[in-house]
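Remarks on the structure that follows.
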Amino acid sequence: MTSQENYKVNSNGYYGKYGGAYVPEMLLPNIFELQENYLEIMNKSSFKKEFHYLLRDYVGRPTPLYLAHRMSEKYQAQIFLKREDLCHTGAHKVNNTIGQILLAKSLHKKKIIAETGAGQHGVATATVCALMGMECIIYMGAVDMVRQRPNVERMKILGAEIRAAQSGSKTLKDATNEAMRHWINHPTDTHYIIGSVVGPHPYPDLVARFQSVISEEIKFQLNEQIGRDYPDMVIACVGGGSNAAGAFYHYLDRSEVQLVAAEAAGLGIDHKKSAATTFLGTEGILHGSKTLLMQTPDGQVTEPYSISAGLDYPGIGPLHAHLFDSERAFFCAVTDEEAMHAGIALSRLEGIIPAIETAHAISVLEKIEIKDKVVVINVSGRGDKDLDTYITWGKY
Amino acid sequence: MNRINEVFLKKKKRVLNIYFTAGYPKIDDTLRIARALEAAGVDIIEIGIPYSDPIADGPTIQDSSQNALDAGMSLKLLMRQLQDLRKYVNIPVILMGYINPVLQYGFTEFCQNCKKVGIDGVILPDLPMQEYIEIYQQTFEKYGIYNIFLITPQTSKQRVLQINEASKGFIYMVSSASITGAKQEISQEQIDYFECIQKMNLSVERLIGFGISNKETFDNACQYASGAIIGSAFINQLKKNNSDEAISSFVGSIINP
Chain A
1 MTSQENYKVN
11 SNGYYGKYGG
21 AYVPEMLLPN
31 IFELQENYLE
41 IMNKSSFKKE
51 FHYLLRDYVG
61 RPTPLYLAHR
71 MSEKYQAQIF
81 LKREDLCHTG
91 AHKVNNTIGQ
101 ILLAKSLHKK
111 KIIAETGAGQ
121 HGVATATVCA
131 LMGMECIIYM
141 GAVDMVRQRP
151 NVERMKILGA
161 EIRAAQSGSK
171 TLKDATNEAM
181 RHWINHPTDT
191 HYIIGSVVGP
201 HPYPDLVARF
211 QSVISEEIKF
221 QLNEQIGRDY
231 PDMVIACVGG
241 GSNAAGAFYH
251 YLDRSEVQLV
261 AAEAAGLGID
271 HKKSAATTFL
281 GTEGILHGSK
291 TLLMQTPDGQ
301 VTEPYSISAG
311 LDYPGIGPLH
321 AHLFDSERAF
331 FCAVTDEEAM
341 HAGIALSRLE
351 GIIPAIETAH
361 AISVLEKIEI
371 KDKVVVINVS
381 GRGDKDLDTY
391 ITWGKY
Chain B
397 MNRINEVFLK
407 KKKRVLNIYF
417 TAGYPKIDDT
427 LRIARALEAA
437 GVDIIEIGIP
447 YSDPIADGPT
457 IQDSSQNALD
467 AGMSLKLLMR
477 QLQDLRKYVN
487 IPVILMGYIN
497 PVLQYGFTEF
507 CQNCKKVGID
517 GVILPDLPMQ
527 EYIEIYQQTF
537 EKYGIYNIFL
547 ITPQTSKQRV
557 LQINEASKGF
567 IYMVSSASIT
577 GAKQEISQEQ
587 IDYFECIQKM
597 NLSVERLIGF
607 GISNKETFDN
617 ACQYASGAII
627 GSAFINQLKK
637 NNSDEAISSF
647 VGSIINP
């Protein structure tokens, strides 16, 4: 690996050998429209102004970069928590939905569709649709609708229509399939807000750019607090990988910063019930991009498992597949049990109950040597939505 | 000569292409249904490779795919089932599927085996033209397998010309902005689109698919192209009754005057 290596997407939509836009002809005009316009729109000063205004006054940015004193003492390191859990709606997801709804408006789209697994991205999408007065349809797996009832109701309160994905395993990947089918049937007036750094180019790049506000803030906040704009290590959890992409973004080409991604191992990587894609996945094509995914030898996409619904996805964004292959990022597999204990540890040490997704990132502290290092952990979301899971688990 | 070209040499109008999912309704039905379709008077057969996440397909084809997968269908097994294809079936046979199972099978091996068992063409809707040209075209051509492209009402004229340039056999003309199995009558908007493409005088033949379900829609589509493709409606027929007689009367109901 060389320090000149560039980890940003190339002009064909690839990160190394991963990425691209493997979509049926029916979707290509929409994808081309986005490819041709997204950078120009996002770089307009009027767009930037409105995006940053909403991030500040509506989302509540910048989110704090908090030096976790007791945790730092425990691990003999300087551990900073990037508090995305304090964003409006309780997670980083809203950074992307604010950006994409402004993009949709610039493209004169009238309706919004989105997929959701645990419901966090669905809530963040329903929120910005209410904010902008746009029609909103959310696809959610029928199984997930039962598991995540409060989020279903939150979306309804916000005025969104929820449609149950009844195909396949009736979870996140099927909700994504249904959203894509809807887009095929309504190609001209609808924008599809994908919730992670997955999907056909330019989605992985545009979502990463909207989320990159996380590392942009880390830079100036660290500079204020320790006099340099980079840590020794950034840790984030990865399902599809949007919060990690945002936390890594401005450090991708800075080899002095170690990047660590926590994947959900479920019951363990030697167990069938897992979602650790870099450990168990192979190269293939899922939801429009070439990436690492969990599949059978016959190329059928398999159903992953994690206690955390937000990490329960059979693939990983193409950027992360490239970071894994090139060894730019270190991938750590964290089991359900390890994550739950880490969630309790953060609660007790710092008074912050994290989302179970985030708890996977916290658990990394137990797995790698961080003594005397400056470490930033991205606290991607708060744990309120996971109370039932904490209660069912019960070991606190 | 590729069998697809032979069909269009003999028949300029009312070419009927019927789709069914491999291993549906029963895992061993693939070859039997292909034979029954030829006996019934179909011109081209399209066999679907079942996939867990078929995003261009509606519920009918999704269900048939899932059904076949649950029964143990795979691309490997399909190739074995097709070993004796050319002992029994003379008309062109096309495989339709998504790119991921083909990549896992091994792309070169896939083309080799297609040639070996007598497959004439392949439809992979999620293989974009750019990737096709850069990575896959050479191998397709080496083994004489035609890659069939789709166009839709949203495809720009310029792109239709590029696709015409890259196409062999025929162009699959998607009748409307939809996934498969959408039931509707052919609208004025669609007719405008069909006529617009007709006036472009493309060098490659066109078959219209999506939303073609019976004699009326077939006849209608045939006014604007060399023929049409029926998928979901035939799967529904197989679901109801998949005997050779039922297949024969289904096909008859479409092609007989």
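Keeping their order, the protein sequence lines are chains A and B. Numbering-wise, our numbering puts 367 at position 367 of the first sequence, and it's gapless, one number per residue. Heads up, our numbering is the position in the second sequence plus 396, with the first residue counted as 1. We put the CB at the ideal spot given by N, CA and C, even for glycine. None of these values were measured; they are calculated from a predicted model.
Problem - Sequence-distant residues of the same chain with beta carbon closer than 8 Å to residue 94 of chain A, five excluded per side - result: Numbered from 1 along the first sequence, position 94 holds the residue referred to as residue 94 of chain A. Residues 59, 87, 88, 124, 127 and 128 of the same chain have their beta carbon placed closer than 8 Å to that of residue 94 of chain A, with the five preceding and five following residues left out of the count.
Problem - Where residue 452 of chain B meets chain A, residues with beta-carbon distance less than 7 Å - result: Stepping through the second sequence from its first residue, residue 452 of chain B is reached at position 56. By Cβ distance, chain A contributes 24, 26 and 184.
Exercise for the section: Within 10 angstroms of the Cβ of residue 290 of chain A, are there 16 or more other Cβ atoms? Answer buried if so, exposed if not. Expected result: Your numbering for residue 290 of chain A matches position 290 in the first sequence. Residue 290 of chain A is buried by the Cβ-count criterion.
Practice task
Compute the distance between the beta-carbons of residue 543 of chain B and residue 599 of chain B, then report whether it is under 9 Å.
Solution key: For the purposes of this step, residue 543 of chain B is taken as the residue at position 147 of the second sequence. For the purposes of this step, residue 599 of chain B is taken as the residue at position 203 of the second sequence. Cβ distance not < 9 Å, so residue 543 of chain B and residue 599 of chain B don't count as in contact.
Exercise for the section: Please name the residue in A:72, A:66, A:6 and A:12 whose C-alpha comes closest to that of residue 82 of chain A. Expected result: As a working note, residue 82 of chain A is residue 82 in the first sequence. Here the closest residue by C-alpha is A:66.
Practice task
Could you have a look at residue 228 of chain A and say whether DSSP puts it in helix, strand or coil?
Solution key: For this step, residue 228 of chain A is matched to residue 228 along the first sequence. Here residue 228 of chain A sits in coil by DSSP.
Handout entry: Candidates A:311, A:321 and A:302: closest to residue 397 of chain A by CA position
Key = Limits of chain A in this structure are 1 at one end and 396 at the other, which puts residue 397 of chain A out of reach.
Practice task
Can you grab the Cα-Cα spacing for the pair residue 297 of chain A / residue 34 of chain A, in whole Å?
Solution key: What you label residue 297 of chain A is simply residue 297 of the first sequence in a count that begins at 1. What you label residue 34 of chain A is simply residue 34 of the first sequence in a count that begins at 1. Between residue 297 of chain A and residue 34 of chain A, the C-alpha separation is close to 34 Å.
Practice task
Along the beta strand (DSSP E) that carries residue 553 of chain B, what are the first and last residues, could you check?
Solution key: Residue numbering aside, residue 553 of chain B sits at position 157 when the second sequence is read from its first letter. No beta strand (DSSP E) holds residue 553 of chain B; the alpha helix (DSSP H) holding it covers 553-562.
Practice task
Using a Cβ-Cβ cut-off of less than 9 Å, list which residues of the region 276-299 of chain A approach chain B; keep chain order.
Solution key: 282, 283, 284, 285, 286, 287, 288, 290, 293, 295, 296, 297, 298 and 299
Exercise for the section: Please check if any C-beta of chain A sits within less than 9 Å of the C-beta of residue 573 of chain B. Expected result: Translated into the one-based positions of the second sequence, residue 573 of chain B becomes position 177. Interface residue, yes.
Practice task
Mark residue 220 of chain A as exposed unless 16 or more other C-beta atoms lie within 10 angstroms of its C-beta, in which case mark it buried.
Solution key: For the purposes of this step, residue 220 of chain A is taken as the residue at position 220 of the first sequence. Residue 220 of chain A should be labelled exposed.
Practice task
For residue 586 of chain B, I'd like the list of residues in its chain whose CB is within less than 8 Å of its CB, leaving aside the five on either flank, ordered along the chain.
Solution key: Along the second sequence, one-based indexing puts residue 586 of chain B at 190. Cβ neighbours of residue 586 of chain B beyond the five flanking positions: 549, 571 and 572.
Practice task
For residue 216 of chain A, collect the residues of the same chain with a Cβ closer than 7 Å to its Cβ; drop the 5 residues on either side in sequence, then sort them by chain order.
Solution key: Along the first sequence, read from residue 1 onward, the residue named residue 216 of chain A stands at position 216. Here the set comprises 250.
Exercise for the section: May I ask you to report which of helix, strand or coil DSSP gives residue 95 of chain A? Expected result: Position 95 of the first sequence, counted from the start, is the residue given in the question as residue 95 of chain A. In the structure shown, residue 95 of chain A sits in a helix (DSSP, three-state: H, G or I).
Exercise for the section: Just tell me which of B:580, B:605, B:422 and B:519 has its CA closest to the CA of residue 468 of chain B. Expected result: Within the second sequence, the letter at position 72 stands for residue 468 of chain B. For residue 468 of chain B, the nearest C-alpha among the options comes from B:422.
Exercise for the section: Determine contact between the region 414-429 of chain B and the region 508-515 of chain B, defined as no fewer than three beta-carbon pairs at a distance below 8 Å. Expected result: no
Practice task
Give the single residue among B:614, B:639 and B:563 whose Cα lies nearest to the Cα of residue 653 of chain B.
Solution key: The sequence position of residue 653 of chain B within the second sequence is 257, counting from 1. Comparing Cα positions, the closest option is B:614.
Handout entry: Residues in the region 148-181 of chain A having any Cβ partner in chain B nearer than 7 Å
Key = Listed by position, the residues of the region 148-181 of chain A near chain B (Cβ gap below 7 Å) are 167, 168, 173, 177, 180 and 181.
Practice task
Note down the Cα distance separating residue 524 of chain B from residue 632 of chain B, rounded to an integer number of angstroms.
Solution key: Here residue 524 of chain B is taken as the residue at index 128 of the second sequence, counted from 1. Here residue 632 of chain B is taken as the residue at index 236 of the second sequence, counted from 1. Going from the Cα of residue 524 of chain B to the Cα of residue 632 of chain B covers about 30 Å.
Practice task
Using three-state DSSP, classify residue 129 of chain A as helix, strand or coil.
Solution key: Stepping through the first sequence from its first residue, residue 129 of chain A is reached at position 129. Residue state for residue 129 of chain A is assigned as helix, using DSSP reduced to three classes.
Practice task
For residue 187 of chain A, decide whether its Cβ has a neighbour in chain B, counting only Cβ atoms nearer than 9 Å.
Solution key: Residue 187 of chain A sits at position 187 when you count from the first residue of the first sequence. Yes, residue 187 of chain A lies at the interface with chain B (some Cβ there is under 9 Å from its Cβ).
Exercise for the section: Alpha carbon to alpha carbon, how far is residue 286 of chain A from residue 44 of chain A? Give it in angstroms, no decimals. Expected result: As a position in the first sequence, residue 44 of chain A is number 44, starting the count at 1. As a position in the first sequence, residue 286 of chain A is number 286, starting the count at 1. Rounded to the nearest angstrom, the two C-alpha atoms are 32 Å apart.
Handout entry: Residue from A:50, A:189, A:379 and A:242 whose Cα sits closest to the Cα of residue 315 of chain A
Key = Locating residue 315 of chain A in the first sequence gives position 315, where the first residue counts as 1. Residue 315 of chain A has its Cα closest to that of A:242, out of A:50, A:189, A:379 and A:242.
Practice task
Count the CB pairs spanning the region 267-277 of chain A and the region 401-416 of chain B that are closer than 8 Å, and state whether there are at least three.
Solution key: no
Practice task
For residue 198 of chain A, go through chain B and note every residue whose CB falls closer than 7 Å to its CB, in chain order.
Solution key: Taking the first residue of the first sequence as position 1, residue 198 of chain A is located at position 198. Per Cβ cutoff of 7 Å: no residues; residue 198 of chain A is ~13 Å from chain B at best.
Exercise for the section: Would you please state the rounded distance, in angstroms, between the beta carbons of residue 163 of chain A and residue 192 of chain A? I believe it to be under 8 Å. Expected result: Indexing the first sequence from 1 puts residue 163 of chain A at position 163. Indexing the first sequence from 1 puts residue 192 of chain A at position 192. The C-beta distance from residue 163 of chain A to residue 192 of chain A rounds to 14 Å, too long to fall under 8 Å, and the pair is not in contact.
Handout entry: Simplified DSSP state of residue 190 of chain A, which is helix, strand or coil
Key = Along the first sequence, one-based indexing puts residue 190 of chain A at 190. Three-state DSSP puts residue 190 of chain A in a strand.
Handout entry: Anticipated Cβ contact below 8 Å, residue 566 of chain B with residue 520 of chain B, distance rounded
Key = Counting from one through the second sequence, the residue named residue 566 of chain B turns up at place 170. Counting from one through the second sequence, the residue named residue 520 of chain B turns up at place 124. Residue 566 of chain B to residue 520 of chain B, Cβ: 15 Å. No contact.
Problem - At least 3 beta-carbon pairs within less than 8 Å: the region 233-248 of chain A vs the region 97-112 of chain A - result: no
Practice task
Below 7 Å CB to CB, which residues in the same chain sit around residue 14 of chain A once its five sequence neighbours on both sides are set aside?
Solution key: As a first step, residue 14 of chain A is located in the first sequence; it is residue number 14 there, counting from the start. 20, listed in sequence order.
Practice task
Between the Cα of residue 650 of chain B and those of B:639, B:629, B:638 and B:636, spot the shortest distance and give me the residue it belongs to.
Solution key: Along the second sequence, read from residue 1 onward, the residue named residue 650 of chain B stands at position 254. With distances taken between Cα atoms, residue 650 of chain B lies closest to B:629.
Practice task
Anything in chain B within Cβ reach of residue 20 of chain A, meaning under 8 Å, just list it in chain order.
Solution key: Here the question's residue 20 of chain A lines up with position 20 in the first sequence. Result: 524 and 527.
Practice task
Output yes if chain A places a C-beta closer than 9 Å to the C-beta of residue 558 of chain B; else output no.
Solution key: Indexing the second sequence from 1 puts residue 558 of chain B at position 162. False, the Cβ-Cβ gap to chain A never drops below 9 Å.
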